[in-house]
Amino acid sequence: MDREGLFSFRVTLLVVFFLACLFPGFSRADIYRYIDSEGIVHYTNTPTSSGFKLYIREKKVEPNIGPVSKAYDAIIKKAQIKYGIAFSLIKAVIHAESGFNPRAVSKKGAKGLMQIMPDNYKALSVSDPFDPFQNIMGGTRYLKQLLNRYDAKLPLALAAYNAGPTAVDLYRRIPPYTETQNYVQKVMTLYNRYKNI
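Residue numbers (numbering that gives the first Met the number 0): 0 to 196.
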């Protein structure tokens, strides 16, 4: 290695060391999979036995992923109490779905903070998807339904929130869609971030 290469290596090493010291508590959320004796696939971010094998390794995300919005914390707290969903999880989904923009509209027509599809408005008691209270309450209600449907397996519930339950039911796992796999990883990362704030 020449002097210039050695210098670059040392600078890189120093920067990595500095960042590791600066953000020691930044956590990751790998996803593990286990197939039981009946062929049923189980997913978790917290393996409880050696039977669980790493399924998706979360890509390292820069800790500085934007400012933390507190604008909707009071509504999130109400949704947490009503539906029994962790405050940090609701906030992570909002962050991933809309970046805290209550007027967000996706290419597929999902609207508001939690990006609710028009087909779901009635079932979720949403008349105005751009109203933060209605959207957060409706989105949290839907997330609760998905957690119940998938026996509290968070990665599957998140995959269904993104790709729809039909896709998750078809594959019986996180669907092999890059967008959905990235979405699950992003929400898990944000969820861990908000748990530590």
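Note that the Cβ used here is the ideal one computed from N, Cα and C, for glycine as well.
Just so you know, these numbers come straight off a predicted model, no measurement behind them.
Same chain only: Cβ atoms within 7 Å of residue i, ignoring 5 sequence neighbours per side
i: Pro154; result: Ile30, Tyr42, Asn44, Ile173 and Val183
i: Ala156; result: Leu142, Leu145, Leu146 and Tyr149
i: Tyr82; result: Thr139, Arg140 and Lys143
Residue i, DSSP secondary structure in three states
i: Tyr33; result: strand
i: Arg27; result: Because the pLDDT at Arg27 is just 48, under 50, the model does not fix this residue reliably, and the value given afterwards should be weighed accordingly. In this structure, Arg27 counts as coil in the three-state DSSP scheme.
i: Leu88; result: helix
i: Leu21; result: Reliability of the predicted coordinates at Leu21 is poor, the pLDDT of 43 falling under 50, and no value is obtained from them.
i: Tyr176; result: coil
i: Arg120; result: This sequence places Tyr at residue 120; Arg is not what is there. If DSSP states are grouped into helix, strand and coil, Tyr120 belongs with coil.
i: Ile93; result: helix
i: Lys152; result: coil
i: Asn195; result: coil
i: Ala70; result: coil
i: Thr45; result: coil
i: Lys185; result: helix
i: Asn63; result: Reliability fails at Asn63, whose pLDDT of 43 lies under 50, so the model's placement of it is uncertain and the value that follows must be treated cautiously. DSSP places Asn63 in coil when its eight states are reduced to three.
Bridge partner(s) assigned by DSSP for residue i
i: Val40; result: Ile34
i: Ile75; result: Partner(s): none; Ile75 has no beta bridge.
i: Ile115; result: Lys110
i: Val125; result: For Val125, which the question treats as bridged, DSSP gives no partner whatsoever.
i: Val104; result: Lys110
Own chain residues within Cβ distance below 6 Å of residue i, not counting five before or after
i: Lys90; result: Ile75 and Tyr193
i: Ala103; result: Ser97
i: Met116; result: Ala109
i: Asp127; result: Gln133
i: Ala78; result: Ile89, Ile135, Met136 and Thr139
i: Lys152; result: Tyr42
i: Ile34; result: Val40
Own chain residues within Cβ distance below 8 Å of residue i, not counting five before or after
i: Ala95; result: Tyr182, Lys185, Val186 and Leu189
i: Phe99; result: Ser68, Ala70, Tyr71, Ile93 and Leu112
i: Ile84; result: Ala78, Thr139, Leu142, Lys143 and Leu146
i: Ala166; result: Ala158, Ala159, Pro174, Tyr176 and Thr179
Boundaries of the alpha helix (DSSP H) in which residue i is found, first to last residue
i: Ile135; result: Pro131 to Arg148
i: Pro164; result: Pro164 to Tyr170
Span of the beta strand (DSSP E), counted from its first residue to its last, around residue i
i: Leu53; result: Lys52 to Ile55
When the options are compared against residue i, the one with the closest alpha-carbon
i: Ile196; options: Asp118, Tyr160, Ser68 and Leu146; result: Ser68
i: Arg32; options: Lys81, Pro164, Ser49 and Tyr54; result: Tyr54
i: Asn239; options: Gly163, Ile80 and Lys106; result: Outside the modelled stretch of the chain, which goes from 0 to 196, sits residue 239, for which no answer is possible.
i: Asp168; options: Val40, Asp35 and Ser36; result: Val40
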